[in-house]
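Below: the structure, in structure tokens.
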Amino acid sequence: MSRTRRGFTFVEMLVVMIVLGLLAALATLKYIDMKNRALTAQAAADMDAVRLAAYSAWYETGTWPAESGPGIVPTEMAPYLAKGFTFTRPEYTLDWENFVPPGGGTSAGMQLGVVITSSNSRMQLALEQTLGNKGPFFITGNDLTFVLIGPDGRS
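In this note's numbering, the protein residues as written are 77 to 231.
Right, dumping it as structure tokens:
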């Protein structure tokens, strides 16, 4: 008596579902990693654009753009940035800083930086690794500050 089997057994279906589940989990993790890398690249490019715009403004006018609040593009810098460039992104916010040391001082106008504020800790960590030794930066809470010009007049 020959017995023909039609379809799959429960065990075979279970094995296939487990394999597909593992592949989907790996793909999801890779997607999250790639998204964080893309955000990091965008943040680094935005920071570089702000740096170049600040230097362009200084070379044209002889003064650095004035301090503005977080997410606000300084008016002196706007002509040197791409049209529609914004300091507010869904994942992070940029801030142009003119640091003043306690008690003022002669170097007060020469301490400049770009601050990136983000609640995404993975993006912050990836940004730290991306910046590496490209320039001085420091981290305070959710803020990463990239120093353009330090108190000694150099970065």
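A virtual CB, placed ideally from N, CA and C, is assigned to each residue, including glycine. Owing to the predicted nature of the structure, the values given are computational and were not obtained by experimental measurement.
Residue i, buried or exposed, once every other Cβ within 10 Å from all chains shown has been counted against 16
i: L157; result: buried
i: T104; result: exposed
i: R81; result: exposed
Inter-residue CB distance, residue i and residue j (contact presumed, cutoff 8 Å)
i: L188; j: W140; result: 6 Å
i: E173; j: N196; result: Actually they are not in contact, since the Cβ atoms of E173 and N196 sit about 21 Å apart, beyond 8 Å.
Inter-residue spacing [alpha-carbon to alpha-carbon] between residue i and residue j
i: L203; j: D109; result: 13 Å
i: T206; j: A120; result: 8 Å
i: M153; j: T169; result: 16 Å
i: L128; j: L102; result: 39 Å
i: A117; j: S144; result: 24 Å
i: G217; j: T164; result: 19 Å
i: D124; j: K106; result: 27 Å
Residue closest to residue i, alpha-carbon to alpha-carbon, out of the options
i: G147; options: Y135, V126 and F213; result: V126
i: T137; options: P155, Q200 and Y107; result: P155
i: F213; options: M199, V190, F84 and K111; result: V190
Which ranges does the beta strand (DSSP E) cover as unbroken runs of at least 3 residues, wholly within the stretch 155-221, from first to last along the chain? 169-174, 188-193 and 213-216
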